[in-house]
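In the working numbering, the protein residues as written are 23 to 316.
Accompanying notes for the structure given below.
Here it is as structure tokens:
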């Protein structure tokens, strides 16, 4: 009997130890999975961090397309990019939910006669955008899109409105790109004066931007502006208005170039009023397009 009791006791003990071992193994496996998930989550966060670090605003993208890679400055003959960058700011603020056009009311007004309204004054984290947003918010009565492009560019004959001008925009955007690791800062001597330049250092980001512009009118062409990404659509219009779109198309083969330009002309021939009236359209975006293509 004692022998049977001992055997039963030993069996229970072995079962208990086996259960403990299985529980320990399960705990280790669970701990390992949690650690793996944690590492994977950290990697995802790192990827998101990298994406955020190199995410460019519309203004920065247009400026980057216009900059000469080695020289680090835009063409001296380009007198369109200044107003184009101000148009970028308005669209960027609209896409981020900060600005919108006033309601049409009973009598439908045209895009160019409707006023720009501040929808939200929450900071964007970008000094230029926040400065432009502050002007729009504090201005009464409100101004139209065309007026804001002129005011922010300093192209006004009214001395009382010169304070609206955003100064040193290209230099400030270039410094943003330096901080994002896309450009660097150098000094160049031009006989009579020294000039700060910003040559390209991260060619990958520039090539990615150029490729995005090319694909929008070639491989990823959808033949319907309402189905296009609003940011890419705005980039095409504003790069053209700023006279820098040609830089993105220069590497293309002749047949690709002809097709790309044909599709850009199709976009330029669109009627902004009709496009803005479609469901899901960003009215302020089309108002800026109307201001540059009217």
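We put the CB at the ideal spot given by N, CA and C, even for glycine.
Roughly how far, in whole angstroms, is the beta-carbon of residue 244 from the beta-carbon of residue 285, given that I think they are within contact range, below 8 Å?
At roughly 10 Å, the Cβ-Cβ gap does not stay under 8 Å, so residue 244 and residue 285 are not in contact.
Whole-Å CB distance - residue 112 paired with residue 140, under 8 Å assumed:
About 12 Å; that fails the 8 Å criterion.
The stretch 170-180 / the stretch 218-233 touching (three or more Cβ pairs under 8 Å)
no
Excluding sequence positions up to five away, which residues of its chain have a Cβ less than 7 Å from the Cβ of residue 247?
255, 289, 292 and 297
Which term fits residue 126, buried or exposed, when burial requires 16 or more other beta carbons within 10 angstroms of its beta carbon?
exposed
By Cβ distance, which residues of its chain are closer than 6 Å to residue 267, with the 5 residues on each side in sequence left out?
261
Nearest-angstrom Cα separation, counted from residue 258 out to residue 192:
19 Å
Going by C-alpha distance, which of 182, 302, 287 and 186 is nearest residue 151?
186
For residue 104, I'd like the list of residues in its chain whose CB is within less than 7 Å of its CB, leaving aside the five on either flank, ordered along the chain.
175
Can you name the start and end residues of the beta strand (DSSP E) that residue 217 belongs to?
216-219
Assign residue 203 to buried or exposed, taking buried as 16 or more other Cβ atoms, counted over all protein chains shown, within 10 Å of its Cβ.
exposed
For residue 210, which residues does DSSP report across the bridge?
217
Pull the bridge partners of residue 122 from the DSSP assignment, please.
139
Identity of the residue in 196, 207 and 142 nearest residue 158 by Cα:
142
C-alpha gap between residue 148 and residue 196, whole angstroms
13 Å
Host alpha helix (DSSP H) of residue 106 (start-end)
103-117
Residue 180 burial status per 10 Å Cβ neighbour count (16 or more: buried)
exposed
Local conformation of residue 96 per DSSP, three classes
coil
Taking just the CA atoms, how far does residue 250 sit from residue 299?
16 Å
Out of 225, 310, 146 and 273, which one is the CA nearest neighbour of residue 237?
273
Residues in its own chain within less than 6 Å of residue 314 by CB, not counting five upstream and five downstream?
263
When the distance is taken between beta carbons, is residue 303 closer than 9 Å to residue 134?
no
Residue from 308, 301 and 265 whose Cα sits closest to the Cα of residue 253
308
Please say whether residue 80 and residue 231 have beta carbons closer to each other than 9 Å?
no
Taking C-alpha atoms, which residue in 275, 214, 145 and 199 lies nearest to residue 227?
199
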